[in-house]
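Numbering-wise, this note's numbering comes out as the position in the sequence shown, counting from 1, plus 16.
So the structure is just underneath, and the comments pick up after that.
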Amino acid sequence: MDEDALGGALDTRTGVGREPVRRLEVLGALAGRRRSWTLEQKLAIVAEAEHCDNLTSLARRHDIRTSQLYTWRRELRYAMEAGRTATETEPMFVPAVAASAMPTARPGDLAIEVEIDGAVVRITRAAKPDLAAAVVQALRAPR
17 MDEDALGGAL
27 DTRTGVGREP
37 VRRLEVLGAL
47 AGRRRSWTLE
57 QKLAIVAEAE
67 HCDNLTSLAR
77 RHDIRTSQLY
87 TWRRELRYAM
97 EAGRTATETE
107 PMFVPAVAAS
117 AMPTARPGDL
127 AIEVEIDGAV
137 VRITRAAKPD
147 LAAAVVQALR
157 APR
């Protein structure tokens with residue numbers, strides 16, 4: 017195989033002219049250097065990010081990477097969740113309240129069932145009439 021043919025087959029830039037530089041980026045004075053940020057600075061930038069539509073431009077303004085901004089936001093969210101006390105969180109389970117079961121009576125024992133303002137009274141044949149009347153009167157009384 018010819019060396020020129022092999023070189024031409026492997027060269028992906030064959031036939032492509034030089035492209036002009038599209039964007040020139042001037043690195044800030046602190047670029048390439050590890051910086052330390054105070055907690056107040058981080059919180060101020062994250063607070064500014066909450067009201068910003070373009071996080072990339074915000075990161076450029078502060079000369080940080082966008083990923084750093086997302087990391088600070090995530091760390092703040094985790095810190096806020098960890099700072100919650102157990103009393104502030106909503107209950108995980110809802111208590112179950114069972115309606116009282118009907119008294120154990122034989123099917124023929126139930127004589128009448130009365131409902132007054134959501135309260136249900138079951139009166140059996142064995143109930144004394146004056147007791148049943150007192151219960152119904154107590155339910156009718158204004159609260």
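Just so it is clear, CB atoms sit at the ideal spot from N, CA and C, and this is done for glycine as well.
Residue i, DSSP secondary structure in three states
i    : result
A95  : helix
I128 : strand
P145 : helix
S83  : helix
A157 : coil
R39  : coil
R100 : coil
R51  : coil
For residue j and residue i, believed in contact at Cβ under 8 angstroms, the rounded distance
i    : j    : result
L155 : I132 : 4 angstroms
R89  : A65  : 7 angstroms
L85  : L74  : 7 angstroms
T87  : T72  : At roughly 15 angstroms, the Cβ-Cβ gap does not stay under 8 angstroms, so T87 and T72 are not in contact.
V151 : V136 : Not quite, the Cβ-Cβ distance comes to about 11 angstroms (not below 8 angstroms), so this is no contact.
A127 : R141 : 5 angstroms
Range of the contiguous beta strand (DSSP E) that encloses residue i
i    : result
R138 : A135 to T140
Endpoints, the alpha helix (DSSP H) within which residue i is located
i   : result
K58 : L55 to E66
R77 : L71 to R77
Proximity test, residue i beta-carbon vs the ligand ATP heavy atom, cut-off 6 angstroms
i    : result
G134 : No copy of the ligand ATP occurs in the structure displayed, which carries no ligand at all.
Residue i burial status per 10 Å Cβ neighbour count (16 or more: buried)
i   : result
I61 : buried
I80 : buried
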